[in-house]
Ligand SMILES: C[S@@+](CC[C@H](N)C(=O)[O-])C[C@H]1O[C@@H](n2cnc3c(N)ncnc32)[C@H](O)[C@@H]1O
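Residue numbers (full-length UniProt numbering): 1 to 210.
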């Protein structure tokens, strides 16, 4: 692929130089005007639909879920991490609305499903035979550092402040904590989600595509 020459400091590539390539996955507007999106090089000039379709062929066996009773500002980071580590889907449990800022537009490439209540989320997980794995540093949580997360699972995160709600804790097949060494009680859910997803990747994923 030959991208148009780009002298600017902007992210991405300028208009396609030379003859237009053939194929349904190319986006005519991006070829015409350049592609300034925050996507990896292999998806330059691809339409959003084509990128999602390609990601769908190789999504991983874990889902991520986060409780959202108070519009938690960490959800955007959870969604961005889910995109980077290629979670099957993201689940928002509670309020439908969430602050998209931290997602950096990655939600456009991610399947995000909403469950108004814990009960509906639990029913969805049971229908898919997916164990709900709570990630929180609660009494009884086992250290994530010395265990392997299941290949097929939903990793469930709590909110800033209360952490996992009581009904959410009861719904978990297991609870795992991330080791901490300083004075703070906890890290934020966005950071915890990145650590947990990477633990899953280390256990179950191969090398990413070039
Ligand atoms: C800011 S924490 C709040 C609750 C936390 N249990 C506390 O005592 O402060 C928000 C969420 O981040 C995740 N989290 C934060 N620190 C964690 C840790 N050390 N291990 C596992 N999850 C953690 C959990 O999902 C938690 O529900």
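Glycine included, each C-beta is placed from N, C-alpha and C at the ideal position.
Source: prediction; values computed, not measured.
Three-way DSSP call (helix, strand, coil) for residue i in this model
i           : result
residue 204 : helix
residue 90  : strand
residue 241 : Here the chain covers residues 1 to 210 and nothing more, so residue 241 does not appear.
residue 35  : strand
residue 6   : At residue 6, the pLDDT of 49 sits below 50, so the modelled position is not reliable; the number obtained from the coordinates is stated separately. Residue 6 falls in the coil class under three-state DSSP.
residue 102 : helix
residue 51  : helix
residue 1   : Note that residue 1 scores a pLDDT of 46, beneath 50, so its modelled location is shaky; the value from the coordinates is reported in the next line. In this structure, residue 1 counts as coil in the three-state DSSP scheme.
residue 23  : coil
residue 14  : strand
residue 182 : coil
Near ligand 1: residue i beta-carbon under 7 angstroms from a heavy atom
i           : result
residue 192 : yes
residue 210 : no
residue 211 : This structure gives no information on residue 211, because the portion of the chain shown stretches from 1 to 210.
residue 102 : no
residue 160 : yes
residue 157 : yes
residue 80  : no
residue 107 : no
residue 140 : no
residue 187 : yes
residue 133 : no
residue 149 : no
residue 177 : yes
residue 68  : no
residue 137 : yes
residue 31  : no
C-beta contact flag for residue i and residue j at 8 angstroms
i           : j           : result
residue 109 : residue 55  : yes
residue 34  : residue 18  : no
residue 62  : residue 88  : yes
residue 160 : residue 72  : yes
residue 118 : residue 90  : no
residue 189 : residue 99  : no
residue 60  : residue 205 : yes
residue 176 : residue 133 : yes
residue 168 : residue 156 : yes
residue 149 : residue 82  : no
Length of the line joining the Cα atoms of residue i and residue j
i           : j           : result
residue 163 : residue 187 : 11 angstroms
residue 179 : residue 145 : 7 angstroms
residue 107 : residue 66  : 15 angstroms
residue 101 : residue 39  : 17 angstroms
residue 142 : residue 57  : 33 angstroms
residue 105 : residue 151 : 27 angstroms
residue 171 : residue 42  : 40 angstroms
residue 195 : residue 21  : 40 angstroms
residue 112 : residue 183 : 34 angstroms
residue 12  : residue 36  : 4 angstroms
Enclosing beta strand (DSSP E) for residue i [first to last residue]
i           : result
residue 174 : 174-177
residue 112 : 112-115
residue 68  : 62-68
residue 134 : 132-135
Residue range of the alpha helix (DSSP H) that includes residue i
i           : result
residue 121 : 118-127
residue 156 : Element bounds for residue 156: not the alpha helix (DSSP H) but the beta strand (DSSP E), 153-157.
residue 210 : Counting along the chain, residue 210 falls outside any alpha helix (DSSP H), and DSSP gives it neither H nor E.
residue 169 : 166-171
residue 74  : Here residue 74 belongs to no alpha helix (DSSP H), and DSSP marks it neither H nor E.
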